[in-house]
Amino acid sequence: MAGKVRVDLTVPSAARMYDWLLGGSNNFEVDQAACELLLDAAPTTKALALNNRWFLQRVVQALAKEHGIRQFIDFGSGLPTQNNVHQIAQAVDRRSRVVYVDNDPVVLAYGRSMLDENDRTAIIAADMVDTGQILGHPDFDRLIDLDQPTAALFVSVLHCLPDDAKPDELVRRVVGKLRPGSFVVICQLVSEDPRLRQEVTDLMLEQTHGNWGRVREKCDVHRYFEGLDVQEPGLVDVTDWRPDSELQQRLRSVEWTEYGGLARVP
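Quick note: the sequence shown uses this note's numbering, first residue 50, plus one each step.
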């Protein structure tokens, strides 16, 4: 058994901040204070978080129902909330298997307690850029057969990586392990306003003590999808990715967006 990992309650976590924005309770005062600063800079960020979560639910359901995907790898999965990937996929087919990957100790603690009784899911403690550790993990071998179609999810997480972590190379490494007919889901925070990009990036770097990346531009996200077959409706603000209610179309973030989509490995 691994030793206990100490959680520094004086430093906000991007995962716990996201949990607070979604109305969750697995966060601390330091995370809430950081979110208030973020909302000062980008007041519609709660709408952005909600729409991103709804996008995750829609795209996983589409992968399971329409494309028959039964294996999912969720990179940087974040804190468990309602309608997680395994719940959506297993509602379509109870045999669906999901591996979550995260390195936040609070995420790992809550995730393991939630998944203890579900033998078709697991959470791996790893930095998502460490693909060797992830793909070589016993739980990965138990649940994921890379000779079968698989979905790799990078949902609202690549902006947590700095440029020197080479998020585009991470995507290519993972895609290179997937068989043709597999799928990749990617979205990340973008803004076409250079002032906002810098302000929010500086804020998050300061609040998380450097444990973040940066707000990028749409052209950066396009590079993640090079060589992949982007599915309809293309690369969009995820609010517009096959919305299933008028509320989801009306509730929009203004200052920045989650931008991305779904692509097939040719």
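Quick reminder that beta carbons are idealized off the backbone N, C-alpha and C, glycines included.
Item, Value
"Determine the burial state of Gln-237: buried for a count of at least 16 other Cβ atoms within 10 Å of its Cβ, exposed for fewer.", "buried"
"Which residue comes first and which comes last in the beta strand (DSSP E) that contains Gly-309?", "306-313"
"Compare the C-alpha of Ala-200 against each of Val-155, Gly-309 and Leu-112 and name the closest.", "Leu-112"
"DSSP beta-bridge partners for Cys-236?", "Val-204 and Gly-309"
"Between which two residues does the alpha helix (DSSP H) harbouring Gln-197 extend?", "Careful: Gln-197 lies outside any alpha helix (DSSP H) and carries neither H nor E."
"State the Cα-Cα distance for the pair Arg-191 and Tyr-149, rounded to the nearest angstrom.", "13 Å"
"Under a three-way DSSP split, which group does Val-134 fall into?", "helix"
"Within a Cβ cutoff of 7 Å, which residues of the same chain sit near Asp-142, ignoring the five residues on either side of it in sequence?", "Ala-113 and Arg-119"
"Using DSSP with H/G/I as helix, E/B as strand and the rest coil, what is Arg-102?", "helix"
"Do the CB positions of Asp-196 and Arg-228 come within less than 8 Å of each other?", "yes"
"Here's the rule I'm using: 16 or more other beta-carbon atoms within 10 Å means buried, otherwise exposed. How should Thr-59 be labelled?", "exposed"
"Using only the alpha-carbon positions, how far apart do Val-79 and Asp-89 sit?", "16 Å"
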